[in-house]
Amino acid sequence: MKEGMFDLRGWESSAISASSESTRSPVLGLIWDKNLDTLEIDSESLEFDEREKITKRKILSLVSRVFDPIGFLAPVMIQPKILLQATWKTKESWDDEVNNEIKKNFLKWRKQFKYFKNIKIPRWLSVMKKSNLSIHTFVDANKTAYAACIFLRSESRVNEIR
């Protein structure tokens, strides 16, 4: 690593012998639970005081806290990005409270945070030799957004589907 000029500052592993006290580590904007070997949304980074007024700056701040290069959170994060675009159309200043429609939709989106903790993405996929594999693709678009989803379906001989 040193020869390639990679400054390695730490090492994480799901191996019991290598694990430190913490069983959760930040990875690419997500949290890696080393005990379950799953990736989860870091919902704590999205916390804010709901008593504060909702402004263009507040929405941008919240959207900017999410680093998601893989796109796992795209279905969740598209709504506040669309709301942020709507605030730009109103031409209000950064610290003015947004209009009631944007505020209502933002708070509605915000209430879904409690479900984020239920999303657990396996870090790896184990495929048995005699599994039937299929790739499924979904694409959709409208005036404000577009999205694509591709997933691998694995069906084993014992009808275990992943």
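Residue 0 is where the sequence shown starts when you use numbering that gives the first Met the number 0, and the numbers rise one by one after that.
Positions of the beta carbon are idealized from the N, C-alpha and C atoms, including for glycine.
First through last residue of the alpha helix (DSSP H) which encompasses residue i
i      : result
Thr22  : Element bounds for Thr22: n/a, residue is neither H nor E.
Ala85  : Ala73 to Thr89
Phe115 : Phe112 to Phe115
Trp108 : Asn99 to Arg109
Val62  : Lys55 to Ser63
Own chain residues within Cβ distance below 7 Å of residue i, not counting five before or after
i      : result
Ile58  : Pro79, Leu82, Leu83, Thr86 and Phe105
Ser42  : Phe112, Phe115 and Lys116
Arg56  : Trp93 and Asp94
Ser18  : With a pLDDT of 49 at Ser18, under the threshold of 50, the modelled position of this residue cannot be trusted; read the value that follows with caution. So the qualifying residues of the chain are Ser12 and Lys33.
Ile69  : Leu27
Glu100 : none
Expected contact under 8 Å - CB spacing of residue i and residue j to nearest Å
i      : j      : result
Thr54  : Asp95  : 6 Å
Ala146 : Thr136 : The Cβ separation is near 11 Å, so there is no contact.
Trp31  : Arg122 : 7 Å
Ile134 : Glu39  : Actually they are not in contact, since the Cβ atoms of Ile134 and Glu39 sit about 25 Å apart, beyond 8 Å.
Minimum C-alpha distance to residue i - residue among the options
i      : options                           : result
Arg50  : Pro25, Lys102 and Leu151          : Lys102
Leu61  : Glu154, Ser130, Ser21 and Glu46   : Glu46
Val138 : Leu132, Ser130, Phe150 and Lys110 : Phe150
6 Å Cβ shell around residue i - same chain, five flanking residues per side excluded
i      : result
Thr143 : Ile81
Arg23  : Ile30 and Asp32
Span of the beta strand (DSSP E), counted from its first residue to its last, around residue i
i      : result
Val157 : Careful: Val157 lies outside any beta strand (DSSP E) and carries neither H nor E.
Asp32  : Leu29 to Asp32
Pro68  : First-last for Pro68: undefined, no H or E at that position.
Phe47  : Per DSSP, Phe47 belongs to no beta strand (DSSP E) and is neither H nor E.
Asp139 : Asn131 to Ala140
Residue i beta carbon near the ligand FMN (any heavy atom closer than 7 Å)
i    : result
Lys1 : Ligands displayed in this structure: none; no statement on the ligand FMN is therefore possible.
Cβ shell of residue i (< 8 Å), same chain only, five flanking positions each side left out
i     : result
Val65 : Gly28, Ser44, Leu45, Leu72 and Met76
Pro25 : Trp31 and Asp41
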